[in-house]
Amino acid sequence: MTALARHAGRQCSVMLNSLHSTIYFSPDFDKALADHGFDDPMACYVAGRAAALGPVGPGPVSAAFYSFSHAMLASHLPRIWTLADPGRVQELRRAAADAILRRCLGAEVVGAPEMAEAAELALRAAEAGLRPGRALYAAHADLPVPDEPHLALWHAATLLREHRGDGHLALLAEAELYGLDALVLDCSREGGLTKDMVMLKRGWTEDDWAAAQARLRDRDLLDEDGRLTEEGAQFRDDLEEETDRLDLAPYEHLGPAGTARLTDLATRFTGAAAAGGAFPPPLLAMFAAGSDG
């Protein structure tokens, strides 16, 4: 029995994930990798998120990323490691996060005592994450913690994002909801991902999308118009509740008061980042709706 309020961990995770996600909506990282011969935004995304795993090929990354087209990943891996090795990619990613947060939050927020407080709370939560079965969390947990508080917070937010995500993917596999099917289901709910985002970033085709919709209709999770059925909505809600359960350890370790304080601080920083232009407009609505993205 947890002492946390219902959805307290989820609410904290959403705000931290939003702060982490600033890296994906700024040109800084892509520009840095362009100097190393990267000419595709998805190659940059794959390199940045997979670098903690080492110079791996498409197989482990397909397993860890779960909802990305294996063909798309194979078009970039392992070739990208000949352009910049994983250690260099990690250095560039951290430098990009530094530039983004300083620009969007401003020097006063970055240097505020509350930033150091948030970093300490988030790192305390992240240290209680569970490594078994969580490849991306475990890989990032092996990376050094940056000295600067705003980067330490971003690092901890990355850990907590991947911890929740890894647990969620395990539940999707148990539910036999693989790859694009999981994305189509999420796109069919209010506040979920948009089809345009999925088709732009993950390497799927229109035929793939239609086939996934057909599979979900066969399971009575979608109706003929591509909307969630009552059963589909309940199925999705149950998945999120189970994800909450698998993601409790960090927030139970932090405790109710610490989790509430971290949520408040992360909400303030994410709001400041949004005001500073860190996110495109569609993402603002998605974060507000509590999507795991």
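According to the numbering used here, the sequence shown is numbered sequentially starting from 1355.
A virtual CB, placed ideally from N, CA and C, is assigned to each residue, including glycine.
Take residue i and list the residues in its own chain whose beta-carbon comes closer than 7 Å to its own, dropping the five residues that flank it on each side.
{"i": "Y1682", "result": "Residue 1682 cannot be examined here, being either before or after the span of the chain that is shown, 1355 to 1647."}
{"i": "L1513", "result": "A1480, G1483, Y1491, H1494, A1495"}
{"i": "V1538", "result": "W1563, A1566, Q1567, L1570"}
{"i": "L1387", "result": "C1398, A1401, A1438, L1446"}
{"i": "R1581", "result": "S1542"}
Would residue i and residue j be called neighbours here (beta carbons separated by less than 9 Å)?
{"i": "A1626", "j": "C1458", "result": "yes"}
{"i": "L1525", "j": "L1600", "result": "yes"}
{"i": "G1411", "j": "P1432", "result": "yes"}
{"i": "S1429", "j": "F1422", "result": "no"}
{"i": "S1542", "j": "L1507", "result": "no"}
{"i": "Y1420", "j": "L1523", "result": "yes"}
{"i": "G1521", "j": "T1597", "result": "yes"}
{"i": "L1475", "j": "L1608", "result": "yes"}
{"i": "P1500", "j": "R1448", "result": "yes"}
What is the rounded straight-line gap between the Cα of residue i and the Cα of residue j?
{"i": "L1437", "j": "H1504", "result": "29 Å"}
{"i": "A1489", "j": "D1592", "result": "23 Å"}
{"i": "K1549", "j": "A1418", "result": "21 Å"}
{"i": "E1585", "j": "D1535", "result": "16 Å"}
{"i": "D1452", "j": "D1572", "result": "47 Å"}
{"i": "A1529", "j": "K1555", "result": "24 Å"}
{"i": "E1516", "j": "A1603", "result": "14 Å"}
{"i": "D1389", "j": "A1397", "result": "13 Å"}
{"i": "A1473", "j": "A1510", "result": "7 Å"}
{"i": "L1307", "j": "E1471", "result": "Any answer about residue 1307 is impossible in this case: the structure gives the chain only from 1355 up to 1647."}
{"i": "T1356", "j": "E1595", "result": "14 Å"}
{"i": "D1561", "j": "D1574", "result": "20 Å"}
{"i": "E1578", "j": "G1519", "result": "29 Å"}
{"i": "Q1588", "j": "G1533", "result": "20 Å"}
{"i": "G1460", "j": "D1393", "result": "30 Å"}
{"i": "R1360", "j": "I1377", "result": "29 Å"}
{"i": "V1552", "j": "E1502", "result": "34 Å"}
{"i": "G1647", "j": "N1371", "result": "Any reading at G1647 must be qualified, since the residue scores a pLDDT of 36, below 50, and its modelled position is unreliable; the value itself is stated next. Looking at the two C-alpha atoms, the distance is approximately 9 Å."}
{"i": "G1630", "j": "A1611", "result": "29 Å"}
Could you pull out every residue in the same chain whose Cβ sits closer than 8 Å to the Cβ of residue i, ignoring the five residues on either side in sequence?
{"i": "F1379", "result": "A1632, F1633, P1634, L1637"}
{"i": "D1384", "result": "F1392, P1395, C1398"}
How many whole angstroms separate the CB atoms of residue i and residue j, which I take to be in contact at a CB cut-off of 8 Å?
{"i": "G1557", "j": "M1426", "result": "3 Å"}
{"i": "W1435", "j": "P1467", "result": "Rounded, the Cβ-Cβ distance is 40 Å, inconsistent with contact."}
{"i": "M1369", "j": "T1624", "result": "5 Å"}
By Cβ distance below 6 Å, which residues in the same chain neighbour residue i in space, the five residues on each side in sequence not counted?
{"i": "A1405", "result": "P1440, V1443, Q1444"}
{"i": "D1382", "result": "A1450, A1453, I1454"}
{"i": "H1374", "result": "A1511, T1512, R1515"}
query = In chain order, which alpha helix (DSSP H) runs of at least 4 residues are fully inside the stretch 1444-1488?
reply = 1461-1464, 1467-1480
inquiry  = In chain order, what are the residue ranges of uninterrupted alpha helix (DSSP H) at least 4 long that sit wholly in the stretch 1399-1434?
reply    = 1412-1419, 1424-1430
message = Runs of 4 residues minimum, wholly inside the stretch 1583-1630: which ones carry the alpha helix (DSSP H) assignment?
response = 1584-1600, 1602-1629
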